[in-house]
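Student:
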Amino acid sequence: MGITGNGFIAAVIARQWAGSRRLPPPCDLLLLALGMINIPCQLCPAGEYFIGNIWGVVFKSDSASKTLYVLTPLLFISSFWFNTWLCLFYCIKIVNFSHPLFMRLKRGIDSFVSWSLLSSVLTPLSITVPGIFYYVKSAPVNSTATNITLAERVMNYNLWHALLMSIIGVFVPLVVIGISVVLILNSLYKHTRQMQRNHTGFTAGPSMDAHTRAAKTIFSLMVLYVLFDMSLLLALIDDTFYDESIKIYMYVCGVTLYPFINSMILIMGNTKLKAASVRILCRHQP
Numbered sequence: 334m335g336i337t338g339n340g341f342i343a344a345v346i347a348r349q350w351a352g353s354r355r356l357p358p359p360c361d362l363l364l365l366a367l368g369m370i371n372i373p374c375q376l377c378p379a380g381e382y383f384i385g386n387i388w389g390v391v392f393k394s395d396s397a398s399k400t401l402y403v404l405t406p407l408l409f410i411s412s413f414w415f416n417t418w419l420c421l422f423y424c425i426k427i428v429n430f431s432h433p434l435f436m437r438l439k440r441g442i443d444s445f446v447s448w449s450l451l452s453s454v455l456t457p458l459s460i461t462v463p464g465i466f467y468y469v470k471s472a473p474v475n476s477t478a479t480n481i482t483l484a485e486r487v488m489n490y491n492l493w494h495a496l497l498m499s500i501i502g503v504f505v506p507l508v509v510i511g512i513s514v515v516l517i518l519n520s521l522y523k524h525t526r527q528m529q530r531n532h533t534g535f536t537a538g539p540s541m542d543a544h545t546r547a548a549k550t551i552f553s554l555m556v557l558y559v560l561f562d563m564s565l566l567l568a569l570i571d572d573t574f575y576d577e578s579i580k581i582y583m584y585v586c587g588v589t590l591y592p593f594i595n596s597m598i599l600i601m602g603n604t605k606l607k608a609a610s611v612r613i614l615c616r617h618q619p
């Protein structure tokens, strides 16, 4: 389902891009990047789990372990940062803030998105690829085993490198999204108060719709991040509290559901994508 949802996002924007023969708007570029990066985010962990439980000896080889050590975090951290820049884009476009830096970002929103796309690739690369050199070979395990446990998969992670990836790849994006939520909710509150003072009632106009839609989207993404991080944290804690099978189940649920839920949030939060999905559903109704 995650592949379908993210493929739909990428296909809708790519089709519009091909039809107009012009570069998509900044928001669409971020959505296109998200749709494309979330597809391998869905495939990589699912393939890792499937192959690891069928041909566990593959994961016990040094080259395969190093590849997965870099690839899986690289994909998810890139997705986190693309989502973070999308939330910040909504915040910059909607919120009226008098700070000089904020006003400068609002005026140069196009170049801001270009740099954000580049940084969403270079930042994860800079913190994950060096992990090959921090890779710690785990103790030998039974080579005749048909699968490999979650504990055996994560024991190769260097503590300090894993901490660096967690801070830059998870904590910082979560803080940025949290700040964006606060700024948009504050702007929405001020807008509502102004409508009350002007005695215009609560009739939703374009500005109010944009505020509400952005607030719902960013808040939903923040909740998704928190739940995803909790699932990984609970999957990696000591075996005293959870059985190995439960930990693997939580890990698999986290990494496979994240791309799908992410795509649904993005589709429901974008009027163009939502309208396209409704047209497709109506077309295929009996």
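In our numbering, the protein residues as written are 334 to 619. Heads up, the beta-carbon is just placed ideally off N, CA and C, and yes, glycines get one too.
Tell me which same chain residues have a C-beta within less than 6 Å of the C-beta of Leu-565, skipping the five on either side of it?
Tutor: The residues are Gly-587.
Student: How would you call Val-446, buried or exposed, if buried means at least 16 neighbouring beta carbons within 10 angstroms?
Tutor: With 16 or more Cβ atoms within 10 Å of its Cβ, Val-446 is classed as buried.
Student: In chain order, what residues of the same chain lie with their CB nearer than 8 Å to the CB of Ile-598, ignoring the 5 residues before and after it?
Tutor: Once the five neighbours on either side are set aside, the close Cβ partners of Ile-598 are Thr-550, Ser-553, Leu-554, Leu-557.
Student: Between the alpha carbons of Phe-430 and Tyr-522, how many angstroms are there, rounded?
Tutor: Roughly 14 Å between the two C-alpha positions.
Student: What is the rounded straight-line gap between the Cα of Ala-344 and the Cα of Thr-525?
Tutor: Cα to Cα, Ala-344 sits roughly 37 Å from Thr-525.
Student: Would you call Asn-595 buried or exposed, if buried means 16 or more other Cβ atoms sit within 10 Å of its Cβ?
Tutor: Buried, by the Cβ-count rule.
Student: Tell me whether Gly-587 sits in a helix, a strand or coil according to DSSP, three-state version.
Tutor: Of the three classes helix, strand and coil, the one that applies to Gly-587 here is helix, per DSSP.
Student: What is the rounded straight-line gap between the Cα of Met-498 and the Cα of Asp-562?
Tutor: Cα to Cα, the separation comes out at about 13 Å.
Student: Quick one: using the 10 Å Cβ neighbour count with 16 as the cut-off for buried, is Pro-433 buried or exposed?
Tutor: That one is exposed.
Student: So, for Ser-449: in the same chain, excluding its five sequence neighbours on each side, which residues have a beta-carbon less than 6 Å away from its beta-carbon?
Tutor: Within the same chain, Ser-449 has close Cβ partners Trp-418.
Student: Hey, Ile-342 and Ile-600: beta-carbon distance below 8 Å or not?
Tutor: For Ile-342 and Ile-600, yes; Cβs fall inside 8 Å.
Student: In terms of residues, what are the limits of the alpha helix (DSSP H) holding Arg-355?
Tutor: Neither: Arg-355 is in no alpha helix (DSSP H) and is coded neither H nor E.
Student: On the three-state DSSP scale, how would you describe His-494?
Tutor: His-494 falls in the helix class under three-state DSSP.
Student: Could you spell out where the alpha helix (DSSP H) holding His-432 opens and where it closes?
Tutor: No alpha helix (DSSP H) contains His-432, which DSSP labels as neither H nor E.
Student: For Ala-548, which residues of its own chain have a beta-carbon under 8 Å away from its beta-carbon, when the five flanking residues on both sides are left out?
Tutor: Within the same chain, Ala-548 has close Cβ partners Val-514, Ile-517, Leu-518, Leu-521.
Student: Please report the distance separating the alpha-carbon of Cys-615 from that of Ala-609.
Tutor: Near 10 Å, if we compare the C-alpha coordinates of Ala-609 and Cys-615.
Student: Helix, strand or coil for Pro-463? Go by DSSP, reduced to three states.
Tutor: Residue state, collapsed to three classes: coil.
Student: Taking the alpha helix (DSSP H) that Val-611 belongs to, which residues open and close that run?
Tutor: First-last of the alpha helix (DSSP H) with Val-611: 604 to 616.
Student: Hey, Gly-340 and Phe-413: beta-carbon distance below 8 Å or not?
Tutor: Cβ atoms of Gly-340 and Phe-413: not closer than 8 Å.
Student: For Gly-441, which three-state DSSP category applies?
Tutor: Looking at Gly-441 - three-state DSSP - the assignment turns out to be coil, as it is neither helix nor strand.
Student: Using C-beta distances below 7 Å, list every residue in its chain close to Met-541, excluding the 5 sequence neighbours before and after it, in chain order.
Tutor: Cβ neighbours of Met-541 beyond the five flanking positions: His-524.
Student: Can you find the residues in the same chain that come closer than 8 Å, C-beta to C-beta, to Leu-376, ignoring five residues on each side of it along the sequence?
Tutor: Around Leu-376: Ile-336.
Student: Counting C-beta neighbours from all protein chains within 10 Å, is the total for Val-462 16 or more, i.e. buried, or is it exposed?
Tutor: Val-462 comes out exposed.
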